[in-house]
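When the letters of the sequence shown are read in order and numbered with our numbering, they come out as residues 2 to 482.
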Amino acid sequence: MKWETVIGLEVHAELSTKSKIFCGCSTSFSNEPNTKVCPVCCGMPGALPVLNRAVVEYAMRLGIALNCEITRLSRFDRKNYFYPDIPNAYQISQLYAPICRYGYLEIETEEGVKKINIHQIHMEEDAGKLIHDTHGKGALMDFNRCGIPLLEIVSKPDFRNSAEVIAYLEKLRETLLFLDICDCKMQEGSIRADINLSIRKPGEELGVRTETKNMNSFKAITRAIEYERERQIEVLEDGGLIFQETRRWDDDKGTSYGMRTKENIQDYRYFPDPDLPPLQIDDNWLESIKANLPELAYQKRQRYIRDFKITEYAAGIITVHKNISNLFENVSQISNQPVETANLITGEIMRLMNNSNLLPEDLTWGQTADCPYIKKLSVLIGFVTSGKINRSVYKEIVEAVFTSNVDPENYITQKGLLMVNDDNAIIEAVKAVLSENQDSVTDYRGGKEKVFGFLMGQVMKKLGKGGNPELAKKVLEEALA
Ligand code: ZN
Ligand code: MN
């Protein structure tokens with residue numbers, strides 16, 4: 002009988018609130034160690050935590066989006082352990098009454114839609130960072146990250162392969178992003194996944210699991226899952242035992258190694274944090290969060306396809322990141338031409354972004370309706386669709402706007418790029434080309450239709466950049482006929 006893989010995920014998402022979870026320190030990233038700290042997040046004696054309201058609201062948003070029950074009387078607990086990066090010697094987290102429970106997320110798999118159950122979502126604080134071996138004098142501590150708010154999203158062991166895990170992480174990432182609660186920069190560790198994996202023969206009880214911690218790349222996650230599955234099969238088929246342990250993935254070597262035997266929940270001596278009162282969420286608060294929930298990516302896709310008649314493919318590209326969909330919505334609104342806007346973004350804009358290595362997450366312009374780029378792109382869309390400029394001039398100016406922020410109208414005037422829609426000018430150009438290329442004309446009339454492209458090229462050359470290709474084509478066809 003074949004082995005079945007059973008996987009559960011614990012995902013930590015760093016929240017994009019302005020301040021930390023229990024103090025007023027800024028969450029903004031700083032290279033200067035220990036500059037975003039205060040007595041609370043440094044664990045000084047007598048300093049007391051005060052809960053950040055925004056963290057609770059972000060947690061509620063995610064809970065609602067993931068179909069969870071919101072716990073009306075939620076509590077914070079201390080998870081006790083000693084490690085130098087956690088100055089209190091405990092982490093404030095939630096164990097007994099987490100803010101969200103019993104939700105689910107639907108993913109697309111090869112066998113159709115699959116429901117992944119969410120066991121719970123809880124709020125907690127992040128730990129600091131240890132910097133080892135600087136100046137060869139041991140370890141240094143940077144507490145800037147202490148107290149950065151995290152949501153930990155704990156799934157049920159519902160995954161059976163790495164493709165399902167990736168589909169879930171993609172969907173979760175998209176949800177966090179469009180809820181505006183996390184920047185989702187994987188490479189900066191804004192989302193980290195712990196993979197709990199065991200194997201069993203179908204129908205058997207769950208096997209002993211291992212946990213591979215702190216994974217922040219989809220590629221590495223897939224490799225680590227395949228590796229761990231194969232490792233466990235080999236151990237069990239050789240008659241060995243799997244130990245419950247925490248493992249670390251080494252992506253360069255393509256292997257993982259055991260770090261420590263896995264702690265059990267009782268090892269942490271969890272108890273309710275006496276410094277923080279229970280958190281009560283009333284109907285009004287919950288209803289106001291529900292009523293103001295941002296539109297999610299899949300809802301945007303449905304709306305774009307339904308209301309704007311853009312293709313499913315284009316809708317998928319536009320919702321790859323919130324910054325792109327903001328750009329799309331702003332330009333569509335001003336230009337009033339959503340299909341043309343979708344073509345512009347999925348074509349030229351994506352190409353230009355690629356060429357300049359600009360990631361969607363780093364896109365800063367086009368995010369508000371009053372951004373000057375929005376108006377410039379909208380003007381260009383108006384010009385090309387009304388026949389003032391041709392498609393190749395359009396692309397040229399889009400690129401000039403993108404790279405040098407030119408003013409489209411000045412650019413067109415200075416370079417004389419308005420489309421030549423004058424019939425006489427086109428007829429003259431066609432006449433000239435035909436008389437200069439008698440041989441080609443004879444070839445064409447003799448059945449060599451390929452020659453048309455050449456003649457067309459000559460006509461456009463005569464007309465210059467402002468040539469109207471459609472008109473020119475029509476006149477040339479008539480002349481040849
Ligand atoms: Zn602080
Ligand atoms: Mn955690």
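Glycine included, every Cβ here is placed at the ideal spot set by N, Cα and C.
Going by C-alpha distance, which of the options is nearest residue i?
{"i": "residue 141", "options": "226, 34, 343 and 124", "result": "34"}
{"i": "residue 64", "options": "294, 438, 408 and 365", "result": "294"}
{"i": "residue 105", "options": "133, 122, 441 and 324", "result": "122"}
{"i": "residue 403", "options": "302, 366, 462 and 257", "result": "366"}
{"i": "residue 407", "options": "299, 12 and 377", "result": "377"}
{"i": "residue 468", "options": "455, 430 and 443", "result": "430"}
{"i": "residue 124", "options": "20, 111, 59 and 90", "result": "59"}
{"i": "residue 228", "options": "198, 240 and 202", "result": "198"}
{"i": "residue 254", "options": "93, 221 and 138", "result": "221"}
{"i": "residue 112", "options": "134, 290, 165 and 95", "result": "165"}
{"i": "residue 374", "options": "357, 362, 352 and 333", "result": "333"}
Can you give the beta carbon distance from residue i to residue j, rounded, assuming they're within the 8 Å contact cut?
{"i": "residue 428", "j": "residue 476", "result": "6 Å"}
{"i": "residue 215", "j": "residue 195", "result": "7 Å"}
{"i": "residue 152", "j": "residue 14", "result": "5 Å"}
{"i": "residue 421", "j": "residue 464", "result": "5 Å"}
{"i": "residue 362", "j": "residue 155", "result": "Not quite, the Cβ-Cβ distance comes to about 26 Å (not below 8 Å), so this is no contact."}
Under DSSP, the beta strand (DSSP E) around residue i begins and ends at which residues?
{"i": "residue 417", "result": "Where residue 417 is concerned, there is no enclosing beta strand (DSSP E), given that its DSSP letter is neither H nor E."}
{"i": "residue 45", "result": "Unbroken run through residue 45: none, as it is neither H nor E."}
{"i": "residue 14", "result": "5-15"}
{"i": "residue 216", "result": "211-216"}
{"i": "residue 80", "result": "78-81"}
{"i": "residue 33", "result": "Careful: residue 33 lies outside any beta strand (DSSP E) and carries neither H nor E."}
{"i": "residue 312", "result": "No beta strand (DSSP E) contains residue 312, which DSSP labels as neither H nor E."}
{"i": "residue 115", "result": "113-126"}
Might you give, ordered along the chain, the residues of its own chain that have their beta carbon closer than 6 Å to the beta carbon of residue i, omitting 5 neighbours on each side?
{"i": "residue 309", "result": "339"}
{"i": "residue 49", "result": "276"}
{"i": "residue 237", "result": "none"}
{"i": "residue 279", "result": "74 and 76"}
{"i": "residue 261", "result": "247"}
Please classify residue i as buried or exposed, where buried requires at least 16 other C-beta atoms within 10 Å of its C-beta.
{"i": "residue 248", "result": "buried"}
{"i": "residue 371", "result": "exposed"}
{"i": "residue 266", "result": "exposed"}
{"i": "residue 192", "result": "buried"}
{"i": "residue 126", "result": "buried"}
{"i": "residue 62", "result": "buried"}
{"i": "residue 114", "result": "exposed"}
{"i": "residue 272", "result": "exposed"}
Could you name the residues of the same chain whose beta carbon sits closer than 7 Å to that of residue i, not counting the 5 residues immediately before and after it, in chain order?
{"i": "residue 55", "result": "18"}
{"i": "residue 311", "result": "305, 339, 340 and 343"}
{"i": "residue 36", "result": "145"}
{"i": "residue 69", "result": "101, 102, 103, 104, 119 and 122"}
{"i": "residue 323", "result": "178 and 179"}
{"i": "residue 453", "result": "445"}
From what residue to what residue does the alpha helix (DSSP H) around residue i run?
{"i": "residue 54", "result": "54-66"}
{"i": "residue 256", "result": "First-last for residue 256: 256-262, but that is the beta strand (DSSP E), not the alpha helix (DSSP H)."}
{"i": "residue 195", "result": "Note, residue 195: premise wrong, no alpha helix (DSSP H); beta strand (DSSP E) at 192-201."}
{"i": "residue 286", "result": "284-292"}
{"i": "residue 148", "result": "Here residue 148 belongs to no alpha helix (DSSP H), and DSSP marks it neither H nor E."}
{"i": "residue 383", "result": "373-386"}
Tell me which same chain residues have a C-beta within less than 8 Å of the C-beta of residue i, skipping the five on either side of it?
{"i": "residue 432", "result": "480"}
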